[in-house]
Each structure stands twice: as C-alpha cells, then as structure tokens.
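In my numbering, the protein residues as written are 3 to 436. Just so it is clear, CB atoms sit at the ideal spot from N, CA and C, and this is done for glycine as well. What follows is a single structure, written as structure tokens, with notes after it.
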Ligand SMILES: *[C@@H]1O[C@H](CO)[C@@H](O)[C@H](O)[C@H]1NC(C)=O
C-alpha cells in the first residue's frame, strides 16, 4: 500500500551515489569547423585537453582526456575562427591500449579540443508496446508539444532540436488503442549530438459497459468491476454522463480504467513524479479513464474519485510531464472507520492521466548526499546528470525519488518526505529534519 509508505517513510539506503562511466554523458562531437586548435594549445585560446585517467580493466589505466565544457561564443579571441554559436568539443581517435594480462582494450582518446558548430540534439527514438516491446508504427510523436510526425514501421522517429536541458516527448495513438505516453529526459547543459530514446506505450485496459442511468462504483485497479480491489474507487452517479456538447447521455457507456502499477519503473513514460513546483510525489495510484459511447465517441461527465483521507487528485500536464492539481470539490467526507473517506468530484477528461497522491500535511525532511564520480579523474568533467534514488521501506516496498539534474557534484541537498527522526531506529533515516 503506497499510503503506508507515505506515512512511514523511512529510508534505509545510505545516500552515497556513485556514478559509473556508462551513465555519464559526455558532449558529443558535432560538425567540425575549418579551424581547430591542436595540442600544444596556445595560451591565448586556452581550450586545453584535460587529462582524465580512466580505469580500463583491473589496474590498467589510460589517460583518455576530456575537454572543458562550454560554448565558444563568449570569447571571440579564444575561438575566433569558429562560428559564433560554436561549442567546445573533443576530437577523438580510437587507440588500442595494451593492458598486459588483461589483453588489449580499445578506447576513445581525446587528441585535442576544437570548436564545433552547435548542431543541437538529434533525437532518435523508438516507440514500443509497454509489455511486449513490439515496435509501434503510426504513433504520433511530439516534442515539447510540437508534432514531429508519426513513427515508421520499426516504431522509429527522428528529429533535430536545439540544445536544451530537458526534452519532453509525447507519443499518442491516433487509434486510441494505446494511451498517451509523456517521457521527460533531463540532460546536462553541455549535451549535444544524438539522444537515443525508447518510449513504451501502455495499452488501454479493456472496457466494461455501464448503464449511466444508475449509480456505478468501479475500482481503480486491474479489475474495475470488483469494487473491493485497489486503493481508490470511481463513482459514476446516475445521470452524470454527458456527451461532449454537454447533453445528458443515457445509452450504454464503455468505460476503460487503465491503472498501471506505480511500482513499475516503466511508469517513467507517465511523466516525472513531481509537481510543477518540483515537489516529489509518491503515488497511491495512477490511472487513465476513457469514457466512450459504444461506437467509440468520447464522453465526459462529473465523476467522483473515492480516495483515502487527505489524498488529492493530480492531472498529468502533457507539456511539462509534471503533475498539476486537478480541480475537485470534496463533496463528502465519510466516517474514519471506512478506509476510503474522501469523495473528490471532478469533470473527467477522457484520455488524461490522473494520479491519486498526497503532499499536504506530510512531514518533510531533508537529506544530504554527496554525489561523485566513481573515477575521481572524471571529476574534472563538468557533465551533469539526474540522480534518481531507489530506497526501500521496512516492508520492502520500493520508493522512487526524482530530482532535477544537478551540476553541483559536491554538496547537493535533496528533499524527501519522511517521518521525524525516531531514536528507536536511528539508522533507518537518512537525516533529521532541519
Ligand atoms: C580495436 O579496434 C580495431 C579497429 O576497429 C580492431 O581491429 C581491433 O581488433 C580492436 N581491438 C580490440 C581489443 O577490441
């Protein structure tokens, strides 16, 4: 139960994040301009190759080198023959290194740093089925809400965008068999080149038929007809469904409730679990509701989300990939003896993602983590990254926390929601509130 997690947020994992080489995203070489600066570098230009010793295997190390991150545009003297929107980029060659007992290893060796034309980011993506991983063609893909086209036969799409620190990709299925995916990718400010993305779309759950002339209670779970299942319910009061023009709809209604498990890491395709203010959300349940006529026309109507006390209803903002509070009215607060106490009345938006979640009233705490590169020599590289933390409660339930990307490797304060420090379990908390 996710609620237990919120009320007993005790993090067991000590916060020492290490970064392996594979996670690091170095700037990628763009198109070289005619002029570049070879070693030894003129002091005037000062774009020196930085020594970076990398462990190749065992005790075998090699100075592969990195370049300072940055643009050329701020110093015309430094790169005066380069385009004024250029970036500093490494020029690399493959070297075969003799690692003795371990045999030879091929490494990408930075021979010098050059000024490259800033060609932005080439997004190369594949859209797949969430469960079968089959590629999905003819899915409509947008980046930051700008439609870039539909996927090809192998689910592929590609486009080039200007350099940015966050890409929000929306994938929608024109035939509505799959539910819209919204994937957010944080990037270091220095990121250029190709960005490979995989987007997994969730198939809409099969629909059940309901009679809108009577009250219906559906569970928010894999089995909507079983009102006892799940952590919340959806109530359709008699005569509350209308067509898109606002006229009462009295014929059979097809309702499909897709509620993927919030434990599943693949829910990364449903935005980031953050509010628009960057508050972390720990979800009690995510769902997508589809109300349609038997012939498939979308319907709307006022529905009630019956949730546990203090829960709020959040709506995924497809443009930002973050959750915003859905407009609701608490129409009925029931006795504390029942588990679902609060009735949140809202106008349903067919095809939108909802999240039943809670921030208000939850105690807050902070923990401090030092984030560092596994290989100390890499610390000279100012590439930034997104720390994601997975921690476990005493019941072995997984918590996922997301943070905006950090460029401050040495001293980053993360904000989590936890119970106050309990002296009985001093090691179960990462830090006290302060
Ligand atoms: C390194 O790359 C070269 C050229 O591609 C190749 O011939 C060689 O076998 C590679 N060596 C290793 C150890 O992978």
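Pick from the options that is closest to residue i, judged by C-alpha positions
i	options	result
residue 196	320, 60 and 125	125
residue 58	110, 50, 320 and 51	110
residue 130	274, 299 and 204	204
residue 260	238, 199 and 226	226
residue 118	69, 314 and 185	69
residue 168	127, 162, 186 and 154	186
residue 312	318, 335 and 293	335
residue 316	331, 303 and 302	331
residue 280	352, 160, 345 and 326	326
residue 346	322, 357 and 305	305
residue 439	320, 289, 91 and 103	Since the first residue shown for the chain is 3 and the last is 436, residue 439 is missing from the structure and cannot be characterised.
residue 123	357, 276, 238 and 198	198
residue 220	55, 103, 309 and 104	309
residue 189	164, 53 and 238	164
residue 248	209, 300 and 228	300
residue 356	333, 343, 314 and 341	314
residue 142	162, 358 and 127	127
residue 135	333, 148, 156 and 54	156
residue 344	158, 237 and 216	237
residue 210	64, 294, 217 and 161	294
residue 172	162, 150 and 277	150
residue 353	160, 302 and 324	302
residue 178	140, 98 and 359	140
residue 170	160, 333 and 324	324
residue 239	161, 333 and 137	333
residue 158	276, 200 and 71	200
residue 193	216, 289, 217 and 166	166
residue 318	342, 71, 56 and 276	276
residue 206	174, 307, 217 and 191	174
residue 89	307, 298, 191 and 235	191
residue 71	91, 351 and 54	91
Closer than 7 Å: residue i CB and nearest ligand 1 heavy atom
i	result
residue 96	yes
residue 106	yes
Neighbour-count burial assignment, residue i, 16 or more Cβ in a 10 Å radius
i	result
residue 405	Confidence at residue 405 is low in this model, with a pLDDT of 45, below 50, so its placement is unreliable and the value that follows should be read with caution. So residue 405 counts as buried.
residue 286	buried
residue 253	exposed
residue 246	exposed
residue 329	exposed
residue 274	buried
residue 263	exposed
residue 230	exposed
residue 257	buried
residue 349	exposed
residue 176	exposed
residue 181	buried
residue 96	exposed
residue 296	exposed
residue 291	buried
residue 104	exposed
residue 184	buried
residue 162	exposed
residue 228	exposed
residue 359	buried
residue 120	buried
Proximal residues to residue i (C-beta, below 7 Å), its chain only, five neighbours per side dropped
i	result
residue 213	254
residue 250	241 and 244
residue 51	41, 67, 69, 112, 114 and 115
residue 223	231, 232 and 261
residue 153	129, 138, 139, 140, 141, 143 and 159
residue 53	65 and 67
Cut-off 6 Å between Cβ atoms - residues of its own chain near residue i, not counting five sequence neighbours on either side
i	result
residue 233	286 and 287
residue 93	113, 114 and 116
residue 202	130, 132, 268 and 271
residue 147	321
residue 384	With a pLDDT of only 48 at residue 384, under 50, the local geometry of the prediction cannot be trusted, and no value is derived from it.
Own chain, CB closer than 8 Å to residue i, minus 5 neighbours either side, in chain order
i	result
residue 101	58, 59, 60, 62 and 107
residue 208	258
residue 99	58, 62, 64, 106, 107, 108 and 109
residue 342	234, 235, 308, 309, 310 and 336
beta-carbon residue i near ligand 2 non-hydrogen atom, thresh 7 Å
i	result
residue 245	Ligands in the displayed structure: ligand 1; ligand 2 is not one of them.
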